[in-house]
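As given, the protein sequences belong to chains A and B, one line each in that order.
Residues 60 to 508 (our numbering) are what the first sequence spells out, left to right.
Residues 4 to 113 (our numbering) are what the second sequence spells out, left to right.
Glycine is no exception: its CB is placed at the ideal position from the N, C-alpha and C atoms.
Notes follow once the structure below has been shown.
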Amino acid sequence: MSTRIGDSHTKSNPWAVGSGASGEDVRIPTERYYSRDFFALECNSLWNNAWQVACRLEDIPGVGDFAEYAIVDQSILIVRDSETSIRALRNRCSHRGVQLANGSGSFHGCQMVCPFHGWRYNLDGTCSYVYQGATAFAPESIGPEELRIPECLTATRWGLVFVNMNSQAPPLEVFLDGIASAIDPVGLEDMRVNWWRFTEVKANWKVALEAFLEGYHIMQTHPELAQAAGDDYSAHLSYELHDNGHGWNIQDPDNGGIDWWPARGINYTKWIFEQDRAMRVGVDGWLDEWILDLAESFEARREPDSVMLGEYFQAVFEEAGRRGIPIRPMTPETSPFAFVFPNILITAGPYGRTNIYRFRPNGLDPESALIEVWAVQVRPTGTPEGPRPTREGPVPQSELPFVLAQDASNMEAQQRGLRTHGFDYELLSGRYEPMIINFNRTLDRLIGT
Amino acid sequence: MSTVRVVPGDIEFGVHAGETVFDAAFRVGWIWPTTCYGQARCTRCHMKVVSGAADLPAPGPLELPILQRLHRVSHRNELDVVLRLACQVRPTRDLTVELKRAPVRREGDT
Numbered sequence: 060m061s062t063r064i065g066d067s068h069t070k071s072n073p074w075a076v077g078s079g080a081s082g083e084d085v086r087i088p089t090e091r092y093y094s095r096d097f098f099a100l101e102c103n104s105l106w107n108n109a110w111q112v113a114c115r116l117e118d119i120p121g122v123g124d125f126a127e128y129a130i131v132d133q134s135i136l137i138v139r140d141s142e143t144s145i146r147a148l149r150n151r152c153s154h155r156g157v158q159l160a161n162g163s164g165s166f167h168g169c170q171m172v173c174p175f176h177g178w179r180y181n182l183d184g185t186c187s188y189v190y191q192g193a194t195a196f197a198p199e200s201i202g203p204e205e206l207r208i209p210e211c212l213t214a215t216r217w218g219l220v221f222v223n224m225n226s227q228a229p230p231l232e233v234f235l236d237g238i239a240s241a242i243d244p245v246g247l248e249d250m251r252v253n254w255w256r257f258t259e260v261k262a263n264w265k266v267a268l269e270a271f272l273e274g275y276h277i278m279q280t281h282p283e284l285a286q287a288a289g290d291d292y293s294a295h296l297s298y299e300l301h302d303n304g305h306g307w308n309i310q311d312p313d314n315g316g317i318d319w320w321p322a323r324g325i326n327y328t329k330w331i332f333e334q335d336r337a338m339r340v341g342v343d344g345w346l347d348e349w350i351l352d353l354a355e356s357f358e359a360r361r362e363p364d365s366v367m368l369g370e371y372f373q374a375v376f377e378e379a380g381r382r383g384i385p386i387r388p389m390t391p392e393t394s395p396f397a398f399v400f401p402n403i404l405i406t407a408g409p410y411g412r413t414n415i416y417r418f419r420p421n422g423l424d425p426e427s428a429l430i431e432v433w434a435v436q437v438r439p440t441g442t443p444e445g446p447r448p449t450r451e452g453p454v455p456q457s458e459l460p461f462v463l464a465q466d467a468s469n470m471e472a473q474q475r476g477l478r479t480h481g482f483d484y485e486l487l488s489g490r491y492e493p494m495i496i497n498f499n500r501t502l503d504r505l506i507g508t
Numbered sequence: 004m005s006t007v008r009v010v011p012g013d014i015e016f017g018v019h020a021g022e023t024v025f026d027a028a029f030r031v032g033w034i035w036p037t038t039c040y041g042q043a044r045c046t047r048c049h050m051k052v053v054s055g056a057a058d059l060p061a062p063g064p065l066e067l068p069i070l071q072r073l074h075r076v077s078h079r080n081e082l083d084v085v086l087r088l089a090c091q092v093r094p095t096r097d098l099t100v101e102l103k104r105a106p107v108r109r110e111g112d113t
C-alpha cells in the first residue's frame, strides 16, 4: 500500500456483520480477519479514535519515567512530567522525525533528547534546545509552537493509563459508560504486577481477542476446566452487553444465577475447588497456596454444597484479613469477566488476583497479533512499592500458562482456515457468542457504511 | 548518603542511596557534562575515578561496552585507569572523580 494507514481512501465497509442466519445468530465476513483494506478502516475508525490502555501507573512511578505505547504504526510516549501529571507525547523529534525513546525507562535532568542531532524537549513536550539553533534555522522555523511535541489525551482509572489519539474524543468516563460500574468493585487500583508477559500469534488481533470472549470453547479447548463434564458441560453464560462494545458476564437468575451448574452429577463445591486448582496453574495466578490448603480442609467435609461454599468463601475472606491482605468482599460483583472495548479483557477471580489481557495488531500486519497479560494481585497492607514491572517476551506460546497456551493453539489454525476459498462467512451463536457479535457490530458502527 | 568530590572545580555533593551521580548533581543544581541526559549514549558524563573505585558496583550491560570503547580510544587500555559513566553509577561509598570539564550551575539556580 502506498498510502499511509491513517489516510486510507477506503471509506465504505463491504465487510459489515450481517444477519443472514436464523434467529439471533449472525454471519461475519471472514475477510475482516485478513483484508488489508479492512485493517486500514480499523486504523482510521478504531485505533485513531478509541480510548486504549497504554500502560500501568506502576510503569511510571517517578518524575521522568516513561513507557512507550505502540499501536499499529504509531508510537506514543507516556511520560510522568510531574508528581501529579502524565503526558502522552507523540514519539518523534520535530526536526527530522527520529523517535525520542523506545521501550521503557527514565528521562534524566527532565530532558528528552533526540539521539540524532541532540535537540531537547522538556517533559511537557516543549522544545528546550536546538543545537546551534541561531545559525542553523530561521527564527520563525523554530518557534515554540512549531517545535512542541503534539500530545494525545490521557486519563487514568483502575491503575491504568488510557490514551486517545483523537483530541476531540469524548472523555474516558463517557467511553466507559456501562462497564465502569462492573469493574470498579474489583479494586484493580489496589493490585500490583506479579508478572507481565506477551506473545505473538500469526493471526488477526480480533481472532486472538475473540478466543477470550465466549465460554462455548471451554468444553473442547480446556478439558481441565470442564473437568469430568463431557459435552453436557453447560456453555451458557449470561452477558450484559452495551452499545459501545463493552460487555461482561452476569449472574442471571434465569440461568441459575450463582448456582449455575457445570453439568449434571457434578458436585458444585468440588467442581469450584477443582477449577481453582486448574486455574492456579492454567493462568499462573488466580489464588495463593494457602487458599488451596483451606479449600482442601473444606473438601474433606461432607456437607450440603450450598452451605459449604458460602462458609468456604467467608473463611477465605477472614483468613485474608488475618494475613493483612485487603481483598474485596468475595461476591460475583467483585469478580467479573469483563470486556472493555476495544481490546482489554479483565478476568477477576474472587481471591484478590486478576489477569488483565490486552490484544493488539502486531505493527502493520493484519495477520499478526500481540497478546499481553498482566497478572496482578492485592499486596498485604504496608507492602512497599516494588521495582517497576518488567515486560517479558515474546514468550513462545508453548511456554504460556497452559490454559492460555490452549487458547493460543487455536488461533493460527483459525487464521489459516478463515482464508479457505469459498468460506466467506463464519457463523456465530447469538446465545453463546453474543459478546463477539456485539464487539463486531460496535466496530462496524465506528467504521460506518 | 555518600559524597562525591569533583576535580577540577572542587565541587562536593551528596548522593542518595540508589541515585546516580548524574541525577544527584542535577538535583542540587549542577548540570554535569552531557548531551544525552542520562541515556548512556553520549559518553560525555564519563569520569575518571581517582578514589573509591573499589567500592563501586560493577558496570552493567548498558555501561560496560561504552567503558570498553572509551578505554580503547582515550586510555590505550591502561589498566590502572578506572572510567565510569556518571549517569549509570550509583555509588554506595564516598568517591573522588576527575572530569575533563567542570559541571556548570543550572540556569535559575544560584
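| field | Proximity of ILE48 (chain A) and THR413 (chain A) at Cβ, strictly below 8 Å | value | As displayed, chain A neither begins before 60 nor continues past 508, which places residue 48 (chain A) out of reach and without an answer.
| task | Count the other CB atoms, across all protein chains shown, that sit within 10 Å of the CB of SER394 (chain A); report buried if there are 16 or more and exposed otherwise. | result | Taking the first sequence and counting its residues from 1, the one referred to as residue 394 (chain A) is at position 335. Buried, since its Cβ has 16 or more Cβ neighbours within 10 Å.
| Taking the continuous beta strand (DSSP E) assigned at ASN72 (chain A), which residues delimit it? | On the first sequence, residue 72 (chain A) is found 13 positions in, with the first residue counted as 1. Premise fails: ASN72 (chain A) is in no beta strand (DSSP E) and is neither H nor E.
| Looking only at its own chain, which residues have a Cβ that is under 8 Å from the Cβ of PHE372 (chain A), when we skip the five neighbours before and after it? | Here residue 372 (chain A) refers to the residue found at position 313 when the first sequence is read from its first residue. Around PHE372 (chain A): MET389, PRO409.
| Rounded C-alpha distance that separates VAL437 (chain A) from ARG447 (chain A) | Position 378 of the first sequence, counted from the start, is the residue given in the question as residue 437 (chain A). Position 388 of the first sequence, counted from the start, is the residue given in the question as residue 447 (chain A). Within the model, the alpha-carbon separation for VAL437 (chain A) versus ARG447 (chain A) is close to 16 Å.
| Partner residues on chain A for ARG104 (chain B), Cβ-Cβ distance less than 7 Å | Reading the second sequence from its first residue, position 101 is the one you call residue 104 (chain B). Under the 7 Å cutoff, chain A gives no residues; its nearest Cβ is about 16 Å from ARG104 (chain B).
| said: PRO94 (chain B) and ALA28 (chain B) - do their beta-carbons sit closer together than 8 Å? | reply: Residue numbering aside, residue 28 (chain B) sits at position 25 when the second sequence is read from its first letter. Residue numbering aside, residue 94 (chain B) sits at position 91 when the second sequence is read from its first letter. No, the Cβ-Cβ distance between ALA28 (chain B) and PRO94 (chain B) is not below 8 Å.
| Near PRO174 (chain A), which residues of its chain fall below 7 Å by C-beta distance, leaving aside the five closest residues on each side in sequence? | To locate residue 174 (chain A), count along the first sequence from 1; it is residue 115. These residues qualify, in order along the chain: VAL157.
| said: Applying the 10 Å Cβ sphere with the 16-neighbour rule, what's the burial state of ARG91 (chain A)? | reply: Taking the first residue of the first sequence as 1, we reach residue 91 (chain A) at position 32. So ARG91 (chain A) counts as buried.
| task | With GLU333 (chain A) as the anchor, note down where its alpha helix (DSSP H) starts and where it stops. | result | For the purposes of this step, residue 333 (chain A) is taken as residue 274 along the first sequence, with counting starting at 1. Counting along the chain, the alpha helix (DSSP H) containing GLU333 (chain A) begins and ends at 327–341.
| task | Enumerate in chain order the residues of its own chain whose CB-to-CB distance from SER81 (chain A) is below 6 Å, with the five nearest sequence positions on each side excluded. | result | The count along the first sequence starts at 1 and reaches residue 81 (chain A) at position 22. Counting only Cβ-Cβ distances below 6 Å, and skipping sequence neighbours, we find nothing.
| request: Could you tell me whether any Cβ in chain B is nearer than 8 Å to the Cβ of GLN170 (chain A)? | output: The residue labelled residue 170 (chain A) in the question sits at position 111 within the first sequence. Yes - at least one Cβ of chain B is within 8 Å of the one on GLN170 (chain A).
| said: Against chain A, does GLN91 (chain B) count as a neighbour if the rule is that its beta carbon must be under 8 Å from one of theirs? | reply: Residue numbering aside, residue 91 (chain B) sits at position 88 when the second sequence is read from its first letter. No, GLN91 (chain B) does not count as interfacial toward chain A.
| field | Backbone CA spacing between ASP132 (chain A) and SER356 (chain A) [nearest angstrom] | value | Sequence index remark: in the first sequence, residue 132 (chain A) carries index 73 (1-based). Sequence index remark: in the first sequence, residue 356 (chain A) carries index 297 (1-based). Rounded to whole angstroms, ASP132 (chain A) to SER356 (chain A) spans 53 Å at the Cα level.
| field | Contact set for LEU247 (chain A): own chain, Cβ-Cβ below 6 Å, skip 5 residues either direction | value | As a position in the first sequence, residue 247 (chain A) is number 188, starting the count at 1. So the qualifying residues of the chain are TRP217, GLY218.
| field | Residues of its chain near LEU136 (chain A), where Cβ-Cβ distance is below 7 Å and the 5 sequence neighbours each way are ignored | value | Along the first sequence, one-based indexing puts residue 136 (chain A) at 77. So the qualifying residues of the chain are PHE125, GLU127, LEU148, ASN150, LEU159, ALA160.
| query | What residue range is occupied by the uninterrupted beta strand (DSSP E) comprising MET50 (chain B)? | reply | Position 47 of the second sequence, counted from the first residue, corresponds to residue 50 (chain B). Judged by DSSP secondary structure, MET50 (chain B) falls within the beta strand (DSSP E) whose first and last residues are 49–54.
| query | Buried or exposed: which applies to LEU65 (chain B), given that a residue is buried once 16 or more other Cβ atoms fall within 10 Å of its Cβ? | reply | As a position in the second sequence, residue 65 (chain B) is number 62, starting the count at 1. Residue environment analysis places LEU65 (chain B) among the exposed positions, since fewer than 16 neighbouring C-beta atoms fall within 10 angstroms of its C-beta.
| query | Do we get a CB-CB distance below 8 Å when we pair PRO174 (chain A) with the residues of chain B? | reply | For this step, residue 174 (chain A) is matched to residue 115 along the first sequence. So, interface residue.
| task | Check the Cβ-Cβ distances between GLY177 (chain A) and every residue of chain B, and say whether any is below 8 Å. | result | What you label residue 177 (chain A) is simply residue 118 of the first sequence in a count that begins at 1. Chain B, which has a Cβ nearer than 8 Å to the Cβ of GLY177 (chain A), makes this yes.
| said: Beta carbons nearer than 9 Å to chain A: which residues of the region 36–68 of chain B have them? | reply: THR37, THR38, CYS39, TYR40, GLY41, GLN42, ARG44, CYS45
| task | Identify whether ASP96 (chain A) lies in helix, strand or coil by the three-state DSSP scheme. | result | Translated into positions along the first sequence, residue 96 (chain A) becomes position 37. Looking at ASP96 (chain A) - three-state DSSP - the assignment turns out to be helix.
| Identity of the residue in B:VAL92, B:SER54, B:ARG109, B:ARG72 nearest ASP83 (chain B) by Cα | Taking the first residue of the second sequence as 1, we reach residue 83 (chain B) at position 80. The option with the nearest alpha carbon to ASP83 (chain B) is B:SER54.
| Since GLN456 (chain A) and VAL260 (chain A) are thought to touch, with beta carbons under 8 Å apart, how far apart are those beta carbons, to the nearest angstrom? | Numbered from its first residue, the first sequence carries residue 456 (chain A) at position 397. Numbered from its first residue, the first sequence carries residue 260 (chain A) at position 201. The Cβ separation is near 7 Å, so the contact holds.
| said: I'd like the list of long-range same chain contacts for GLY476 (chain A), defined as Cβ closer than 8 Å, with 5 residues on each side in sequence excluded. | reply: As a working mapping, residue 476 (chain A) is identified with position 417 in the first sequence. Excluding five sequence positions before and after GLY476 (chain A), the CB atoms of its chain that fall closer than 8 Å to its own CB belong to PHE482, given in chain order.
| Do you know how far the Cα of TRP349 (chain A) is from the Cα of CYS186 (chain A)? | Position 127 of the first sequence, counting from 1, holds the residue named residue 186 (chain A). Position 290 of the first sequence, counting from 1, holds the residue named residue 349 (chain A). Their Cα atoms are separated by approximately 54 Å.
| Under a CB-based cut-off of 8 Å, is HIS167 (chain A) close to chain B? | Position 108 of the first sequence, counted from the start, is the residue given in the question as residue 167 (chain A). Taking Cβ atoms only, chain B reaches closer than 8 Å to HIS167 (chain A), which makes this a yes.
| field | Partners in chain A for PHE25 (chain B), counting only beta-carbon separations shorter than 7 Å | value | Taking the first residue of the second sequence as 1, we reach residue 25 (chain B) at position 22. What PHE25 (chain B) touches in chain A: HIS167.
| said: Please report the distance separating the alpha-carbon of ALA262 (chain A) from that of THR479 (chain A). | reply: On the first sequence, position 203 is the one that residue 262 (chain A) refers to. On the first sequence, position 420 is the one that residue 479 (chain A) refers to. For ALA262 (chain A) and THR479 (chain A), the distance between alpha carbons rounds to 14 Å.
| query | Which residue comes first and which comes last in the alpha helix (DSSP H) that contains ASN497 (chain A)? | reply | To locate residue 497 (chain A), count along the first sequence from 1; it is residue 438. ASN497 (chain A) -> alpha helix (DSSP H) spans 493–506.
| task | Could you tell me how far apart the beta carbons of GLY41 (chain B) and HIS167 (chain A) are, in whole angstroms, since I believe they sit closer than 8 Å? | result | Here the question's residue 41 (chain B) lines up with position 38 in the second sequence. Here the question's residue 167 (chain A) lines up with position 108 in the first sequence. About 3 Å separates the two Cβ atoms, so the contact holds.
| task | Kindly identify the DSSP beta-bridge partner or partners of TYR180 (chain A). | result | For the purposes of this step, residue 180 (chain A) is taken as residue 121 along the first sequence, with counting starting at 1. In the DSSP output, where bridge partners are listed per residue, TYR180 (chain A) has A:MET171, A:CYS186.
| field | C-alpha gap between LYS51 (chain B) and VAL252 (chain A), whole angstroms | value | For the purposes of this step, residue 51 (chain B) is identified with residue 48 of the second sequence, where counting begins at 1. For the purposes of this step, residue 252 (chain A) is identified with residue 193 of the first sequence, where counting begins at 1. Those two C-alpha atoms are separated by around 39 Å.
| field | Beta-carbon neighbours of PHE29 (chain B), restricted to chain A and to distances below 9 Å | value | On the second sequence, position 26 is the one that residue 29 (chain B) refers to. Ordered by position in chain A, the residues that pass the 9 Å Cβ test against PHE29 (chain B) are HIS167, GLY168, CYS169.
| query | According to the Cβ coordinates, are ARG207 (chain A) and VAL432 (chain A) closer than 8 Å? | reply | For this step, residue 207 (chain A) is matched to residue 148 along the first sequence. For this step, residue 432 (chain A) is matched to residue 373 along the first sequence. Cβ distance not < 8 Å, so ARG207 (chain A) and VAL432 (chain A) don't count as in contact.
| field | Burial state of ASP112 (chain B) (16 or more Cβ within 10 Å) | value | Here the question's residue 112 (chain B) lines up with position 109 in the second sequence. Confidence at ASP112 (chain B) is low in this model, with a pLDDT of 49, below 50, so its placement is unreliable and no value can be given for it.
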